[in-house]
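Q: Please find one structure pasted underneath; my questions will follow.
Residue numbers (the UniProt record's numbering), protein chains in the order written: chain C, 1 to 370; chain R, 1 to 278.
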């Protein structure tokens, strides 16, 4: 058999070189007027319309299609820009001026207030809870500077809204299949069991498939107010006062408080470091569109690696500074001086009175609003 | 112009006469206390080498000689990497020297170049008071008085309760200096304090200037018992110094009054400019 007579198979798969920067055909500025691909005007055959489709805009060649995905705002450059332009002030920092009524309240009383406002909503009536929310918002408006309370309330509202949607309207789980093991009263001839006196109702509202339960509301703003009107040292002083009895059972309260203070200082350094490194990457003007996914991920990995490296260097330098300034590793031998500020007796008395009033109202609300 | 002047061996340092000591250990030298009473900082034959990962020993300081009289402000100058900050860290006790003799009067304090490394507490007043924690018997009124005085000296009295992260770099640097001033040390070791300060902080507004604050502190003490050693790159700061040390390649090249060292540095600068034909 003569093999030379056989038809030579030609591979039909064209090999197209993918350009690094694919040249796109510009679309016509007038809709329906494609100058690059003119219409075929077939006279005499009105029903026949030919549609020409191409895989890519570059004449059938498969370009770098990933770059054409409509993902604005999610690019690596935008992420780094967002990080670098983020505020250097973490949420809930102390505001030294203007000095308000809350600034002069003893930090221990403020901590008790904070604990009360966190715990009380779990036990109080819905009316009291709403009242607490309104009072907290009004207090923020009256105490904090305008820009601060607007920023904080907006942030809290957004967080509460997200929680409202995710927790409040969502189902808590599959309701258990209940079947009373008690024989019905019609069989026993005994009167029915009395209903609960507390009037507790887990489900507050039911709108078709959505149900609104008791765990939909929370108070976050109280913590922001406390942090905005109390220095970290004052908070540490109050915590040390409350934790002091634990020293009799061997709890290292001094070390805990010192660690808390150092952490509060170090958090800001971490924020600054993240912003600085991100700004360094943005200022390099990397051509992100020319990078592959792996190369982009590599830059992100370098970003994280650099942050950790700098933070560890900071920690080492701060430990050196502490040694130079006389700290010898034992908080018991190095006294931390706390300046509690100007605590006003009248402010303390008024805040304690208000605290008692709020707790009493919450306790009595269970009877008044049943 | 002799182009080789930049690369010629350094001239022998013009040092004050030092007393001979038999000990080579810095700690022994500290204990012997053979230095004269009017000297606050002194080091001789000081060497320091850093070991790299492959185990190679890289010399950083080579036979450094230094002698700072009490009650004066001295400055250390030199190009980048010549060992100024390392020398200061050795004098502060942060780094141990490889060999040599050092003496630094106590109590001493060291202020880092980067204030973020120095400031350890979240608010200004607490940080200035942090260094006083090593005196547990000090009353709270005394602590408050020292903190207020130190912050007043650096023009930061109105910022006592401000969180550190809300301050600028220059303000943080002043807080760091206030922390050192509050301890009422006899020796202040200051590493490039003016790096984070703007021009107004340094020279123009002397009322708020850090240099002025340090100079005033030295002048305020009768008997001249406060000494400051200041590492800097700025020649204009030499105007405020009583003496200066110029270093190159880990060695002390010039050591003496500020005007002499300034003339020496300017001569080097002009020879370098002539060499490159600028």
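The C-beta atom is built at its ideal place from N, Cα and C for all residues, glycine as well.
By how many angstroms is the C-alpha of residue 229(C) removed from the C-alpha of residue 345(C)?
A: Distance between the alpha carbons of residue 345(C) and residue 229(C) is about 17 Å.
Q: State the start and end residues of the unbroken alpha helix (DSSP H) segment that holds residue 302(C).
A: 293-324
Q: Mind checking whether residue 109(R) and residue 188(R) have CB atoms under 7 Å apart?
A: Yes, Cβ-Cβ distance for residue 109(R) and residue 188(R) is below 7 Å.
Q: So which residues of chain C does residue 136(R) contact, with C-beta pairs closer than 7 Å?
A: 335
Q: Residue 265(C) CB to nearest chain R CB: under 7 Å?
A: Taking Cβ atoms only, chain R reaches closer than 7 Å to residue 265(C), which makes this a yes.
Q: Candidates 142(R), 237(R) and 141(R): which alpha carbon is nearest residue 258(R)'s?
A: 237(R)
Q: Pair every Cβ in the segment 111-125 of chain R with every Cβ in the segment 60-67 of chain R, then say whether three or more of these pairs are closer than 8 Å.
A: no
Q: Starting from residue 191(R), follow the beta strand (DSSP E) in both directions and report where the run begins and ends.
A: 187-191
Q: Given this structure, state the Cα-to-Cα distance separating residue 98(C) from residue 120(C), to the nearest angstrom.
A: 30 Å
Q: So what does residue 48(R) bridge to, in DSSP terms?
A: 61(R)
Q: Please work out which residues of its chain come closer than 8 Å, Cβ to Cβ, to residue 360(C), disregarding the five sequence neighbours upstream and downstream, and give them in chain order.
A: Taken in chain order, the list of residues that qualify is empty.
Q: Distance cutoff 7 Å, beta carbons only. Does residue 251(R) sit that close to anything in chain C?
A: no
Q: For residue 150(C), does the three-state DSSP call read helix, strand or coil?
A: helix
Q: Nearest-angstrom Cα distance between residue 274(R) and residue 266(R)?
A: Per the coordinates, the alpha-carbon of residue 274(R) lies some 12 Å from the alpha-carbon of residue 266(R).
Q: Please list, in chain order, the residues of the segment 149-180 of chain R that have any C-beta partner in chain C closer than 9 Å.
A: Here the close residues are 159, 160, 161, 162, 163, 164, 165, 166, 176, 179 and 180.
Q: Does the Cβ of residue 166(C) have 16 or more other Cβ atoms within 10 Å, making it buried, or fewer, making it exposed?
A: exposed
Q: Excluding the 5 residues flanking residue 362(C) on each side, which residues of the same chain have their C-beta closer than 6 Å to its C-beta?
A: 120, 124 and 128
Q: Could you pull the start and end residues of the alpha helix (DSSP H) that residue 130(R) belongs to?
A: 124-130
Q: For residue 247(R) versus residue 47(R), is the C-beta distance shorter than 7 Å?
A: no
Q: How would you write the range of the beta strand (DSSP E) that residue 244(R) sits in, first residue to last?
A: 243-248
Q: Could you pull out every residue in the same chain whose Cβ sits closer than 7 Å to the Cβ of residue 307(C), ignoring the five residues on either side in sequence?
A: 273, 274 and 277
Q: Of all the CB atoms in chain C, is at least one closer than 7 Å to the CB of residue 182(R)?
A: No, because no Cβ of chain C sits closer than 7 Å to the Cβ of residue 182(R).
Q: Which residue's Cα is closest to the Cα of residue 104(C): 164(C), 231(C), 222(C) and 190(C)?
A: Among 164(C), 231(C), 222(C) and 190(C), the Cα nearest to that of residue 104(C) belongs to 231(C).
Q: Is it a yes or a no for the segment 311-329 of chain C touching the segment 128-145 of chain R, going by three-plus beta-carbon pairs under 8 Å?
A: yes
Q: Taking the alpha carbon of residue 137(R) as the point to measure from, which residue in 352(C), 337(C) and 347(C) has its own alpha carbon closest?
A: 337(C)
Q: Note down, in chain order, each residue of its chain lying with its Cβ closer than 7 Å to the Cβ of residue 244(C), except the 5 sequence neighbours on either side.
A: 253
Q: Along chain C, in chain order, which residues have C-beta atoms closer than 8 Å to that of residue 55(R)?
A: Proximity of chain C to residue 55(R) at the Cβ level (cut-off 8 Å) is not reached, the minimal Cβ distance being about 22 Å.
Q: Label residue 218(R) either buried or exposed according to how many other C-beta atoms from any shown protein chain fall within 10 Å of its C-beta, with 16 as the threshold for buried.
A: buried
Q: Is the segment 63-78 of chain R in contact with the segment 164-180 of chain R, if contact means three or more CB pairs nearer than 8 Å?
A: no
Q: Identify which residue in 165(R), 253(R) and 42(R) has its Cα closest to the Cα of residue 116(R).
A: 165(R)
Q: Can at least three beta-carbon pairs, one atom from the segment 140-159 of chain R and one from the segment 346-360 of chain C, be found at a separation below 8 Å?
A: Not touching, per the Cβ criterion.
Q: Spell out whether any CB of chain R is found under 7 Å from the CB atom of residue 315(C).
A: no
Q: Measure the beta-carbon distance from residue 233(C) to residue 126(R) and round it to whole angstroms, keeping in mind my assumption that it falls under 8 Å.
A: 5 Å
Q: Expressed to the nearest angstrom, what Euclidean distance is found between the alpha-carbon atoms of residue 89(R) and residue 229(R)?
A: 12 Å
Q: Write down the C-beta distance between residue 124(R) and residue 175(R) rounded to the nearest angstrom, noting that I regard them as a contact closer than 8 Å.
A: Sure, about 5 Å apart at Cβ, within 8 Å.
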